[in-house]
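According to numbering that gives the first Met the number 0, the residues represented by the sequence shown are 0 to 69, in order.
For every residue, glycine included, the Cβ atom is placed at its ideal position computed from N, Cα and C.
Note sheet for the following structure.
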Amino acid sequence: MAEIRADMVANVMEIYIAEGDTIAIGDTVVLLESMKMEIPVISEVAGKIVRLAVTQGDVVQEGDLIIEIG
0 MAEIRADMVA
10 NVMEIYIAEG
20 DTIAIGDTVV
30 LLESMKMEIP
40 VISEVAGKIV
50 RLAVTQGDVV
60 QEGDLIIEIG
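Here it is, written out as structure tokens:
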């Protein structure tokens with residue numbers, strides 16, 4: 000099981016995946032916004048989305064879980 004966690008405090012602007020989706024290495028899964036900059040979250044692993052831990056509009060803190068990949 001792999002996890003993608005937030006690198007910084009940010010707002011979740013857009014979510015490009017859903018639970019059950021299959022993703023590849025390099026896929027953009029979420030778009031975050033911090034200090035007026037848009038930060039794409041890119042998967043470093045391939046697999047199936049087991050858990051989506053955020054919703055659009057959420058505020059994540061550094062280290063917060065975004066998704067679990069199985």
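Can you tell me whether DSSP reads residue i as helix, strand or coil?
{"i": "Thr54", "result": "coil"}
{"i": "Gly69", "result": "coil"}
{"i": "Ala9", "result": "strand"}
Taking just the CA atoms, how far does residue j sit from residue i?
{"i": "Val44", "j": "Asp6", "result": "17 Å"}
{"i": "Ile24", "j": "Ile68", "result": "11 Å"}
{"i": "Ile66", "j": "Tyr15", "result": "12 Å"}
{"i": "Ala9", "j": "Ser42", "result": "17 Å"}
{"i": "Thr21", "j": "Gly46", "result": "6 Å"}
{"i": "Met0", "j": "Ile38", "result": "24 Å"}
Please classify residue i as buried or exposed, where buried requires at least 16 other C-beta atoms within 10 Å of its C-beta.
{"i": "Val58", "result": "exposed"}
For the putative contact between residue i and residue j, defined by C-beta atoms under 8 Å, what is the C-beta separation to the nearest angstrom?
{"i": "Leu64", "j": "Glu2", "result": "6 Å"}
Which same chain residues, not among the five before or five after residue i, have their C-beta less than 6 Å away from its C-beta?
{"i": "Glu18", "result": "Ile48, Leu51"}
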